[in-house]
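Residue numbers (my numbering): 10 to 222. Just below is one structure, and these are the notes that go with it.
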Amino acid sequence: MEMNGFMGVFHRFSLWVVRLAYLNIVWILFTLAGLVIVGVGASTLALFAVLRKMIVFDEDVKIFHAFKEEFKLNFSRGIKLSFLYTGIGLLIYFDIRYFSQFEGMFYEILVGFFTILFILFGLAFCYVFPICSHFQMKTSESFKNSFLFPVFAPLQTLLIVLGLILCTIFFTIVPGFLPFLGISLPAYVISYFAQLSFKRLEEKRNQANGGYT
Numbered sequence: 010m011e012m013n014g015f016m017g018v019f020h021r022f023s024l025w026v027v028r029l030a031y032l033n034i035v036w037i038l039f040t041l042a043g044l045v046i047v048g049v050g051a052s053t054l055a056l057f058a059v060l061r062k063m064i065v066f067d068e069d070v071k072i073f074h075a076f077k078e079e080f081k082l083n084f085s086r087g088i089k090l091s092f093l094y095t096g097i098g099l100l101i102y103f104d105i106r107y108f109s110q111f112e113g114m115f116y117e118i119l120v121g122f123f124t125i126l127f128i129l130f131g132l133a134f135c136y137v138f139p140i141c142s143h144f145q146m147k148t149s150e151s152f153k154n155s156f157l158f159p160v161f162a163p164l165q166t167l168l169i170v171l172g173l174i175l176c177t178i179f180f181t182i183v184p185g186f187l188p189f190l191g192i193s194l195p196a197y198v199i200s201y202f203a204q205l206s207f208k209r210l211e212e213k214r215n216q217a218n219g220g221y222t
């Protein structure tokens with residue numbers, strides 16, 4: 010029996026929360042199975058691939074089965090992305106720490122430059138996993154496009170940032186939800202608005218092609 014009105018909305022909302030909690034637990038299990046450092050990239054790619062199916066196709070996804078398949082499919086790619094983004098992020102961070110020790114206009118400019126670069130890098134990191142799950146691209150192309158989307162989709166990027174801020178506030182107020190939604194909820198926010206930016210890009214391409222795909 011299908012529920013309508015408030016009860017129907019509450020039922021669908023509750024179902025989504027349960028599915029996100031289950032997805033979060035599956036992400037933790039597969040990350041640990043990959044000894045964290047090796048498994049975190051593939052687990053996160055699998056997480057965004059499953060979220061895409063849930064958001065774009067509104068599918069009743071068999072979460073564990075879909076996650077396992079995506080994890081195996083993206084294992085080597087996940088390792089590459091993990092080491093690539095971790096390495097670059099640490100390099101920029103230590104550059105900021107190093108140059109902030111010195112005084113003078115030149116060093117202030119350098120710190121400002123690397124701080125802006127670090128922010129752009131953080132935004133690119135938000136996009137790379139949705140890009141990998143949505144487009145058929147090489148890892149190098151996904152890396153390049155992850156830096157372009159924050160610039161060419163500023164509204165969606167702003168909504169991602171605001172969504173992540175709200176998630177941070179929520180988990181600060183109710184930290185007990187962190188083990189159940191700490192990864193999947195922010196990932197859902199990122200994936201949802203990233204999909205909007207992809208849809209906008211595809212609409213622009215269709216218009217440029219005269220309405221033909």
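For every residue, glycine included, the Cβ atom is placed at its ideal position computed from N, Cα and C.
Find out if the Cβ-Cβ distance for the pair residue i, residue j is shorter than 8 Å.
| i | j | result |
| --- | --- | --- |
| Ser155 | Val137 | yes |
| Phe127 | Tyr102 | yes |
| Phe76 | Ala51 | no |
| Arg61 | His143 | yes |
| Gly48 | Phe39 | yes |
| Ser172 | Phe130 | It is Gly, not Ser, that sits at residue 172 in the sequence shown. Not closer than 8 Å, so no. |
| Val26 | Phe73 | no |
| Phe186 | Phe180 | yes |
| Leu54 | Arg86 | yes |
| Ile169 | Cys141 | no |
| Pro159 | Cys176 | no |
What is the DSSP secondary structure of residue i, reduced to helix, strand or coil?
| i | result |
| --- | --- |
| Val170 | helix |
| Glu112 | coil |
| Ile154 | The amino acid occupying residue 154 in the given sequence is Asn; Ile does not appear at that position. Looking at Asn154 - three-state DSSP - the assignment turns out to be helix. |
| Lys77 | helix |
| Phe144 | coil |
| Lys89 | helix |
| Val137 | helix |
| Asp104 | helix |
| Val70 | coil |
| Val45 | coil |
Taking the continuous alpha helix (DSSP H) assigned at residue i, which residues delimit it?
| i | result |
| --- | --- |
| Lys62 | 48-65 |
| Val227 | In this structure the chain extends from 10 to 222, so residue 227 is not present and cannot be described. |
| Lys213 | 193-217 |
| Phe186 | Taken as a continuous stretch (DSSP letters only), Phe186 belongs to no alpha helix (DSSP H), as it is neither H nor E. |
| Ala162 | Run containing Ala162: none; DSSP gives neither H nor E here. |
Ordered along the chain, which non-local residues of its own chain (more than five positions away) have a Cβ less than 8 Å from that of residue i?
| i | result |
| --- | --- |
| Ile105 | Val120, Phe123, Thr124, Phe127 |
| Pro184 | none |
| Lys89 | Gly50, Thr148 |
| Glu112 | none |
Under the assumption that residue i contacts residue j (Cβ atoms under 8 Å), give the Cβ distance between them as a whole number of angstroms.
| i | j | result |
| --- | --- | --- |
| Ser200 | Ile64 | 6 Å |
| Asn33 | Ile192 | 5 Å |
| Pro139 | Gln204 | 7 Å |
| Ser206 | Gln165 | 4 Å |
What does a CB cutoff of less than 7 Å around residue i pick up in its chain, not counting 5 residues either side in sequence?
| i | result |
| --- | --- |
| Tyr197 | Leu29, Leu60 |
Which same chain residues end up closer than 6 Å to residue i when comparing Cβ atoms and leaving out the 5 residues on each side of it in sequence?
| i | result |
| --- | --- |
| Ala133 | Ser155, Phe156 |
| Val18 | none |
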